[in-house]
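To start, the structure itself, in structure tokens.
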Amino acid sequence: MKNSRISRVILLALAAAWSQCSPAAVNVDRTRIIMDAPQKTVAITLNNDDKTTPFLAQSWVTDADGVRTDALMALPPLQRIDAGQKSQVRITQVRGLTDKLPQDRETLFWFNVRGVPPKSEDDNVLQLAMQSQLKLFYRPKAIIRSSSDQPERKLTAERNAGHLTLRNPTPYYITVAWLGADRSHRLSGFSEGVMVPPLGSLPLKAVLPAETRTLWVGYIDDYGGLQMNRYACDALNCALKEGGATS
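For the sequence shown, the residue numbers in mature numbering (1 follows the signal peptide of the UniProt record, and there is no 0) are -24 to -1, 1 to 223.
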């Protein structure tokens, strides 16, 4: 009995580790989704990258806290995608509900898709449903932007006892994927990307030495690309240096 219990614990641990590092069979054709208010729907392509096995694809939308929402619906919520094939999910607005969202800034949602494999005939085979989650930004009519706009460049960094606070004066979420004194080394205390809320700020543990006068900031644009910018710093603040965008 004791050995059986230990075996189950080991199996669960291995399953958890495998689920964290293995790629999902059902993948999405982008890394983020932008939905402008005038759009009734946004079409998302799902790919079954498994060449031999059909999968069920379950799709749904949650709010920033991970709670299912009725403001945006993923249709169909469940579909079969044959091996090596593609299909589409349409994210559809429910107008009466999206009209109640803030109209002066973006609202963050999450698009979720889970790939469910067919049931195995072998009871000893462990099968896991792999799930992907993408940021979905709802952009009200008042702040719709053109492809040439770069509001992310208005982001600033405030120095406080060696640590940084990012300040975002724009109505858009800004995802910062890189902070460094140069383009090769991240700042100490900055290990992964962060998202700065619209018209808000975000204190970080990232350390910028007092003598450092240059800060490299990399943000993710609407297309999922990394845009690198060189900021000039004084004793109190860092802001985009004229001509500091390098992409």
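Glycine included, each C-beta is placed from N, C-alpha and C at the ideal position.
{"Query": "Own chain partners of Ile9 with C-beta closer than 8 Å, once the 5 adjacent residues on each side are dropped", "Result": "Val18, Ile20, Ile67, Phe87, Leu110, Lys111, Leu112 and Phe113"}
{"Query": "Contact under 8 Å by Cβ, Ala33 with Val70", "Result": "no"}
{"Query": "Pro185 in three-state terms, based on DSSP", "Result": "coil"}
{"Query": "C-alpha gap between Ala133 and Pro94, whole angstroms", "Result": "50 Å"}
{"Query": "Length of the line joining the Cα atoms of Ala211 and Phe166", "Result": "20 Å"}
{"Query": "Between the CA atoms of Asp39 and Leu(-13) - distance to the nearest angstrom", "Result": "Per-residue confidence for Leu(-13) stands at a pLDDT of 49, beneath the threshold of 50, marking its modelled position as unreliable; the derived number appears in the next sentence. Between Leu(-13) and Asp39, the C-alpha separation is close to 29 Å."}
{"Query": "Beta-carbon contacts of Cys214 that lie in its chain and below 6 Å, excluding the five residues immediately before and after", "Result": "Ala133, Leu191 and Tyr207"}
{"Query": "DSSP-derived helix/strand/coil call for Ala19", "Result": "strand"}
{"Query": "Any beta strand (DSSP E) of 3 or more consecutive residues that is wholly inside the segment 162 to 218", "Result": "170 to 172, 176 to 183, 190 to 196 and 202 to 209"}
{"Query": "Inter-residue spacing [alpha-carbon to alpha-carbon] between Gln79 and Ala118", "Result": "7 Å"}
{"Query": "N- and C-terminal bounds of the beta strand (DSSP E) containing Leu140", "Result": "His139 to Asn144"}
{"Query": "Span separating the alpha-carbon of Tyr199 from that of Asp5", "Result": "11 Å"}
{"Query": "Distance, Cys209 Cα to Arg56 Cα", "Result": "53 Å"}
{"Query": "Simplified DSSP assignment, three categories, for Lys62", "Result": "strand"}
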